[in-house]
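Below is one structure; the comments refer to it alone.
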Amino acid sequence: MIRNFFFIIFFFTLIQTPIKANDTYFLDFKLILNESSAGKKAQNFLKSKLENGIKNIKAKEKKIQEEEKKIIQQKKILSAEEYKKKVTELRSKVSSLQKERDNLLRTVANQRSKAKSELLKNLNPIVKNYMEEKKIRIVIDKKNVLLADETLNITKDIMSLLNQKLKSIKID
-9 MIRNFFFIIF
1 FFTLIQTPIK
11 ANDTYFLDFK
21 LILNESSAGK
31 KAQNFLKSKL
41 ENGIKNIKAK
51 EKKIQEEEKK
61 IIQQKKILSA
71 EEYKKKVTEL
81 RSKVSSLQKE
91 RDNLLRTVAN
101 QRSKAKSELL
111 KNLNPIVKNY
121 MEEKKIRIVI
131 DKKNVLLADE
141 TLNITKDIMS
151 LLNQKLKSIK
161 ID
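The sequence shown begins at -9 in our numbering and counts up one residue at a time.
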């Protein structure tokens, strides 16, 4: 009975205080991450780090493949014990290379996550100040908006404010 009473009061409160269209705006957080000055610099840094790491790993893979071919060619010449020893060493190198690749991917993912949270940490006060200035009650991420008037999109305004405040993100 009491639950129903509170539900009815809550429901009528919602009906009496509708959200006005000019109180709700949206921004494209993904666009800000990828296109802001700091976001672009971070993306480029992480991309080049990943590409250089992969290039280095591929060079090592090529050396291991060449070493494997040499071992296979020497199979008839080497004793069974020596052959087994070289194959074990080769497997160890392959395992080490796989760990190096996993470590590279994990490091880049962690740095990407840190950069995203750093950007968000700097973005929140900007959005809050913008909301206070423009008397906005709600700002929603564009990915959660089904359909909206493009005049309610504040992404460009927020991005220009962010670009003025934050030139780059320290990743290392």
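All residues carry an ideal CB built from backbone N, CA and C; glycine is no exception.
Problem - Strand pairing of Ile130, partner residues [DSSP] - result: Here residue 130 is taken as the residue at index 140 of the sequence shown, counted from 1. Note: Ile130 sits in a beta bridge opposite Phe16.
Exercise for the section: Determine the extent of the alpha helix (DSSP H) in which Ala99 is found, giving its start and end residues. Expected result: Position 109 of the sequence shown, counting from 1, holds the residue named residue 99. Start and end: 70 to 124.
Handout entry: Straight-line gap, Val84 to Lys65 (C-alpha atoms, nearest Å)
Key = By 1-based counting over the sequence shown, the position of residue 84 is 94. By 1-based counting over the sequence shown, the position of residue 65 is 75. Computed Cα separation, rounded: 19 Å.
Problem - Phe(-5) burial status per 10 Å Cβ neighbour count (16 or more: buried) - result: Within the sequence shown, numbered from 1, the residue matching residue -5 stands at position 5. Because Phe(-5) carries a pLDDT of 46, less than 50, the predicted location of this residue cannot be relied on, and the following value inherits that uncertainty. Exposed is the call here.
Practice task
Determine the closest residue to Leu156 out of Ser86, Ile116, Arg102, with distance taken between C-alpha atoms.
Solution key: Position 166 of the sequence shown, counted from the first residue, corresponds to residue 156. Looking at the Cα atoms, Ile116 is the closest of the given residues.
Handout entry: DSSP three-state assignment for Met149, whether helix, strand or coil
Key = Sequence index remark: in the sequence shown, residue 149 carries index 159 (1-based). In the structure shown, Met149 sits in a helix (DSSP, three-state: H, G or I).
Problem - Alpha-carbon to alpha-carbon, Ile128 and Met121 - result: Locating residue 121 in the sequence shown gives position 131, counting from the first residue. Locating residue 128 in the sequence shown gives position 138, counting from the first residue. Cα-Cα distance, rounded: 8 Å.
Problem - Chain-order list of residues whose beta-carbon lies under 7 Å from that of Ala32 (same chain, five-residue window excluded) - result: Position 42 of the sequence shown holds residue 32. If we look at Ala32 and ignore the five residues flanking it on each side, its Cβ neighbours are Ala105, Ile159, Ile161.
Practice task
Please list, in chain order, all residues of the same chain as Glu51 whose beta carbon is under 6 Å from its beta carbon, the five residues on each side excluded.
Solution key: In the sequence shown, the residue the question calls residue 51 occupies position 61. Residues of the same chain with a CB within less than 6 Å of the CB of Glu51, apart from the 5 flanking positions on each side, do not exist.
Handout entry: Counted within 10 angstroms of its Cβ, other Cβ atoms place Ala28 as buried (16 or more) or exposed
Key = Locating residue 28 in the sequence shown gives position 38, counting from the first residue. Classification of Ala28: buried, given that the 10 Å Cβ count is 16 or more.
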